[in-house]
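> Below you'll find the structure I mean.
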Amino acid sequence: MKRAYYSAPVSEFLGHSAETILGTLTACSEFPVEAPQRDAWLEQVQILKKVLAAHTGRGRLYLEYAVPRLGRRIDAVALLDHVVFVLEFKVGESRFLTAARDQVWDYALDLKNFHASTHDKAVAPILVATRAPSTDMRIEVSAINDGVFRPIFASEATLPAALRAVLQWSPAPPIGVEEWEAGRYLPAPTIVEAARALYAGHGVEEIARSGAGKDNLNLTSSAVDRIIEQCKAQNQKAICFVTGVPGAGKTLIGLNVATKHTAPGELHSVFLSGNGPLVSVLREALARDHVEREHQRGKSVRKGEALSRVRAFVQNVHHFRDEYLRDPGPPSDHVAVFDEAQRAWNLQQTAMFMQRKKSRPGFAQSEPEFLISCLDRHQDWAVIVCLVGGGQEINTGEAGITEWIQAIRRSFEQWHVFMSPELHGSEYDSGNALQTAREHALTQFNPDLHLSVSMRSFRAEHVSDLAKSILDLDVHTARQTFDRLRTRYPIVLCRNLTRAKRWLREQARGTERFGIVVSSQAQRLRPHAIDVRSPMDPVHWFLDDKDDVRSSYYLEEVATEFHVQGLELDWTCVVWDGDFRHVDNQWEHFSFVGSRWQNIKMPERRAFQKNAYRVLLTRARQGMVIVVPEGDDQDSTRLPAYYDGTFSYLRSLGLSLLE
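Under the numbering used here, the first residue of the sequence shown carries the number 571, and numbering increases by one thereafter.
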């Protein structure tokens, strides 16, 4: 893929006429180029010609450089000596707006984190407001000392001085242009970023990072494609289980499958999830993105129209179920992707709901069995892709993976079953699932259907392993895993929420999203201004900007495991309440009822609570602070003893203490 509309050595750029360069930019543009854009490009080119005249023969210039993960293009990237300069121009602007600062910072971070040849290079983001008055420039690296400078503010007049100051800051060998261009772009997008890119027509290979994670992702995606093609060609029906550790890319696989087959016709597919917050966030993000992209093309699309289109692609599984309770015909979709399929309801929960809410006494199917029956209405072929996460069951009545296979064996013997033989671990209830699958004559095992490498954190791929060992009380493994993480993925321990909030703000750069996450049972954090019963809107929390008080950035509203499952942030603050306590080398489980804590005795509810903390501990892509409050010996519901054991246990694992 051609990354830039225009690129040339600095010496050649200086020799090309502005009109020639403008012609190249216009010819490459994906959108109609109106007069304001042409004028802006011309002014940028003229400014760069003046500025780079002092650097002829010392590097290369790239204009309109693509950043696929963000769906944007950088105005200019200049390789000068040993520095990668990222320039964002605001032509005619006299102010340095916060949004523009974050924009250029995001571009610089994207190159640093995801472009292999930039990992070890100095990266200087410069925001150029061409009409800004001259001010003193601050040249400094950011709090995370990885070679990325804090955004530098420059006008047309001060831009030459900014380049000189950065080049003098930290001398190093010159960047090899050919080597830098050969570096692979290895992004690790959030699920929202991935959904936007896939919905806009990019392939999974463009937005997935390299290494074991991407290799595993490509193998799994190809395996699912082959199953779909086989079923279509042979008029078969199949259920396919894609399993994996938290953050391995299960939802990305599902979205990739769904977007490949969105055209009307027999291959029409749908992405289904019982996770209400995930559905709401994805729909809103895709609708906003669609409106923006159409606006760039010079077309006007109403938000409601965009949402209507997106709703056909991303649906709540319960709404899908209700639709085909009313309609006895086959769905329009031959391929249905069920996200977090382990959370579908068992027979008891479904029957109770149907009797109470839908006035259907005697309903005798679990949710998996009914959903399979809907796709089974097709006379020719159908495929169900179940995305299954280990240790993700967090609510009463969730059936787990075994119920899907049992439903096949009870009622749909002609359906084929595809799953990985490597499915193991108590968090999958895998013994029953594997044994039940082996007893079905049409089961095939394929190791490519299991995603074993987490891709959520591009800084470290062992966060899910750390969470598992912490929750399993495997101290030795937890210490070893944390040692592997500590240099690239900061995890700190704190007892003061105010200090933890300050740490989050110090770490985050650009629009990196941060927020507070807590257990839904954490009801005694109210003295810290955290009320889990206070409603929050996940759409605003996950998608809105820093100036919106409803966004996660404000650190006023918190998200629970029900809000964040399937989604992620760059930095999190996990506040640990007395509901889940480390006492005498074991976990004790509590719920707050009335005015006191009550011990949770049911094994199922204990497992849900443990999984809730598994979700919370695996939401951050770049790092987290864990806050264990000190408690209050004057408050019988927040005694220090409820917290001290947990704090001491986490501290013993090697977590650094944030004073």
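Beta carbons are placed, not taken as given, at the ideal position from N, Cα and C, and that holds for glycine.
Extract the residue ranges of the beta strand (DSSP E) inside the segment 1056-1138, only unbroken runs of 3 or more that lie entirely within it.
If we require 3 residues or more, the beta strand (DSSP E) runs fully inside the segment 1056-1138 come out as 1061-1064 and 1084-1088.
> Look up F923 in the DSSP assignment and say whether it is helix, strand or coil.
F923: helix per DSSP, three-state reduction.
> On the CB-based measure, 16 or more other CB atoms within 10 Å of its CB, does G835 come out buried or exposed?
Low confidence applies here, because G835 scores a pLDDT of 46, under 50, leaving its location unreliable and the question unanswered by this model.
> Which residues mark the beginning and the end of the alpha helix (DSSP H) in which P847 is found?
G846 to Q866 is the extent of the alpha helix (DSSP H) around P847.
> Where does the unbroken beta strand (DSSP E) through I1233 begin, and where does it stop?
Not covered by the structure: residue 1233. The range shown for the chain is 571 to 1229.
> DSSP three-state label for G835, please.
With a pLDDT of 46 at G835, under the threshold of 50, the modelled position of this residue cannot be trusted; read the value that follows with caution. The answer is coil: DSSP assigns G835 none of H, G, I, E or B.
> Beta strand (DSSP E) containing K691: first to last residue?
Here K691 belongs to no beta strand (DSSP E), and DSSP marks it neither H nor E.
> Which runs of the beta strand (DSSP E) fall wholly inside the segment 576-661 and span at least 3 residues, in chain order?
Entirely contained in the segment 576-661, the beta strand (DSSP E) runs reaching 3 residues are, in chain order, 629-637, 642-650 and 653-660.
> Please list the terminal residues of the continuous beta strand (DSSP E) segment that includes D909.
Element bounds for D909: V905 to D909.
> Please state whether DSSP places H1010 in a helix, a strand or coil.
Three-state result, H1010: coil.
> Out of curiosity, what's the CA-to-CA distance linking A624 and S1039?
Rounded to the nearest angstrom, the two C-alpha atoms are 56 Å apart.
> Give a yes or no on whether the C-beta atoms belonging to E1131 and L1067 are separated by under 8 Å.
Contact flag unset, no.
> Sort out for me which residues DSSP pairs E1166 with in a bridge.
Per the sequence shown, the amino acid found at residue 1166 is Arg instead of Glu. DSSP lists V1163 as partners of R1166.
> Does the Cβ-Cβ distance between R701 and Y635 come in under 8 Å?
No.
> Taking just the CA atoms, how far does V1197 sit from A1037?
Approximately 15 Å, taken between the alpha carbons.
> Per DSSP, G1193 is paired with what?
Bridge partners of G1193: W1141.
> For H948, which of helix, strand or coil comes out of DSSP?
In this structure, H948 counts as coil in the three-state DSSP scheme.
> Can you name the start and end residues of the alpha helix (DSSP H) that N683 belongs to?
Run containing N683: T668 to F684, per the alpha helix (DSSP H) assignment.
> Which class does G1248 belong to by DSSP, given the choice of helix, strand or coil?
Residue 1248 is absent from the structure shown; the chain starts at 571 and stops at 1229.
> Take A911 and list the residues in its own chain whose beta-carbon comes closer than 8 Å to its own, dropping the five residues that flank it on each side.
Within the same chain, A911 has close Cβ partners F811, P938, C956, L957, V958, I971 and W974.
> Label P931 either buried or exposed according to how many other C-beta atoms from any shown protein chain fall within 10 Å of its C-beta, with 16 as the threshold for buried.
Exposed, because fewer than 16 other Cβ atoms sit within 10 Å of the Cβ of P931.
> Is the segment 612-622 touching the segment 577-586 in the sense that three or more CB pairs, one from each, lie closer than 8 Å?
Judged by Cβ distances under 8 Å, the segment 577-586 makes contact with the segment 612-622, as three or more pairs qualify.
> Does the separation of the CB atoms of S936 and A1003 fall below 8 Å?
Contact flag unset, no.
> If the criterion is Cβ atoms closer than 8 Å, does the pair T1142 and G1085 meet it?
Closer than 8 Å, so yes.
> Alpha carbon to alpha carbon, how far is R1049 from Y1219? Give it in angstroms, no decimals.
Whole-angstrom Cα-Cα distance: 11 Å.
> If we define contact as Cβ-Cβ less than 8 Å, is Y1213 a contact residue for chain D?
Among the chains in the structure shown there is no chain D, since it carries only a single protein chain.
> Out of curiosity, what's the CA-to-CA distance linking D680 and L640?
For D680 and L640, the distance between alpha carbons rounds to 8 Å.
> Do you know offhand how far Q918's Cα is from Q925's?
Computed Cα separation, rounded: 11 Å.
> Should the segment 1064-1080 be regarded as contacting the segment 1190-1208, the criterion being three or more beta carbon pairs within less than 8 Å?
Result yes; three or more Cβ-Cβ pairs closer than 8 Å.
> Ends of the beta strand (DSSP E) at L724?
Reading off the sequence, residue 724 comes out as Ala, not Leu. Unbroken beta strand (DSSP E) run through A724: I722 to A724.
> Pull up the DSSP beta-bridge partners for C801, would you.
C801 pairs with nothing; no bridge assigned.
> Are the beta-carbon atoms belonging to V747 and V693 less than 8 Å from one another?
No; because the gap between Cβ atoms is not below 8 Å, this pair is not in contact.
> If you pair each beta-carbon of the segment 872-881 with each one of the segment 1123-1139, do three or more pairs fall below 8 Å?
At 8 Å Cβ cutoff, the stretches do not touch.
> Please report the straight-line C-alpha distance between F982 and P900, rounded to a whole angstrom.
Distance between the alpha carbons of F982 and P900: 16 Å.
> Can you give the Cα-Cα distance for V653 and K682, rounded to whole angstroms?
Answer to the nearest angstrom: the Cα atoms are 12 Å apart.
> Output the distance between the C-alpha atoms of Q885 and V851, rounded to the nearest integer angstrom.
The straight-line gap from Cα to Cα measures roughly 12 Å.
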